[in-house]
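Working notes, structure below.
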Amino acid sequence: GAGVSQSPSNKVTEKGKDVELRCDPISGHTALYWYRQSLGQGLEFLIYFQGNSAPDKSGLPSDRFSAERTGGSVSTLTIQRTQQEDSAVYLCASKTGLLYNEQFFGPGTRLTVL
Amino acid sequence: KQEVTQIPAALSVPEGENLVLNCSFTDSAIYNLQWFRQDPGKGLTSLLLIQSSQREQTSGRLNASLDKSSGRSTLYIAASQPGDSATYLCAVCNSGNTPLVFGKGTRLSVIA
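Just so you know, the protein sequences line up as chains C and G, in that order. Take 14 as the starting number for the first sequence in my numbering and just add one per residue. Take 42 as the starting number for the second sequence in my numbering and just add one per residue.
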């Protein structure tokens, strides 16, 4: 079956530009997560969607970051006025709404801000 | 605040050796713990998921144990192969559907 997909796989942008990263979760998964993996750092949580509840945005590093999830499926992470420190791999994961199920990760989007 | 530590940060072993990767976490009140594998430039592949009520899980040559009270988990890899070379990440879920808290990983190299 299809796993979590993300696009683009790589994105190079200039400082100050806006970027949009897309995540297609596994069909039927109600929970969706965005994480960031910076060079030499561990994965850090950014934002989390669960069903129709308000998203948990507690991990977003600044107000330049936002995300939405349309129709309970596809999610878009937007970074406005990108900075060089935003360069990282952005990973998306999804899981069913059942409490004990594992998270499944997409291949990630590698963002490079010049 | 939950913190996850993985030791060692890097490990190099000859092919065929059995090895143990360690993971510790500061808050023992976890829902589950998940071990992942990450190949260079790739996403994460889930290896094993241990619920808080379980002591271990096995998949092929992999065995993960959990000692929740002491805040520790180990990933045992038997008869290591060069194809096992990757970064192994440990992550805990504190409750329900909340996000995972990750360690920084152990980079494993298995030398033929």
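Quick reminder that beta carbons are idealized off the backbone N, C-alpha and C, glycines included.
Legend entry - Beta-carbon spacing of V54(G), L60(G) below 8 Å: Position 13 of the second sequence, counted from the start, is the residue given in the question as residue 54(G). Position 19 of the second sequence, counted from the start, is the residue given in the question as residue 60(G). Their beta carbons are under 8 Å apart, which means V54(G) touches L60(G) by this criterion.
Legend entry - Contact test: L111(C) Cβ vs the ligand ZN heavy atom, cutoff 7 Å: Looking at this structure, you won't find the ligand ZN or any other ligand, since it has none at all.
Inset, instruction - Please name the residue in V126(C), T122(C), R123(C), C105(C) whose C-alpha comes closest to that of H42(C). - result: Numbered from its first residue, the first sequence carries residue 42(C) at position 29. For H42(C), the nearest C-alpha among the options comes from C105(C).
Legend entry - Minimum Cβ-Cβ distance from N59(G) to chain C less than 8 Å: For this step, residue 59(G) is matched to residue 18 along the second sequence. Not closer than 8 Å to any Cβ of chain C, the Cβ of N59(G) fails to qualify, so no.
Inset, instruction - Using the Cα positions of D108(G) and Y61(C), report the straight-line distance between them to the nearest angstrom. - result: Working through the second sequence from its first residue, we reach residue 108(G) at position 67. Working through the first sequence from its first residue, we reach residue 61(C) at position 48. CA-to-CA, the gap between D108(G) and Y61(C) works out to about 28 Å.
Legend entry - Sub-8 Å separation of I92(C) and R77(C) beta-carbons: If you number the first sequence from 1, residue 92(C) lands on position 79. If you number the first sequence from 1, residue 77(C) lands on position 64. Contact: yes.
Legend entry - Any chain G beta carbon closer than 8 Å to G128(C): There is no way to answer for residue 128(C), as the model of chain C reaches only from 14 to 127.
Legend entry - Interface residues of the stretch 132-148 of chain G facing chain C [CB-CB below 9 Å]: From the stretch 132-148 of chain G, only A132, C134, S136, G137, N138, T139, P140, L141, V142, F143, G144, K145, G146 have a Cβ closer than 9 Å to chain C.
Legend entry - Proximity below 8 Å, CB of R96(G) to CB of A119(G): Within the second sequence, the letter at position 55 stands for residue 96(G). Within the second sequence, the letter at position 78 stands for residue 119(G). No. Outside cutoff.
Inset, instruction - Buried or exposed for N138(G), please, with buried defined as at least 16 other CB atoms from any protein chain shown within 10 angstroms of its CB. - result: The count along the second sequence starts at 1 and reaches residue 138(G) at position 97. Label assigned to N138(G): buried.
Legend entry - Coarse secondary structure for Q97(C), derived from DSSP in three states: Numbered from its first residue, the first sequence carries residue 97(C) at position 84. Three-state DSSP puts Q97(C) in a helix.
Inset, instruction - Determine the direct distance from the alpha carbon of Q63(C) to that of L45(C), and round the result to whole angstroms. - result: Mapped onto the first sequence, residue 45(C) falls at position 32. Mapped onto the first sequence, residue 63(C) falls at position 50. Distance between the alpha carbons of L45(C) and Q63(C) is about 7 Å.
Legend entry - DSSP three-state assignment for S110(G), whether helix, strand or coil: Numbered from 1 along the second sequence, position 69 holds the residue referred to as residue 110(G). S110(G): helix per DSSP, three-state reduction.
Legend entry - Within chain G, the residues that F58(C) reaches when beta carbons sit closer than 8 Å: As a position in the first sequence, residue 58(C) is number 45, starting the count at 1. In chain order: P140, L141, V142.
Legend entry - Chain-order list of residues whose beta-carbon lies under 6 Å from that of A51(G) (same chain, five-residue window excluded): Here residue 51(G) refers to the residue found at position 10 when the second sequence is read from its first residue. The answer, listed in chain order, is R148.
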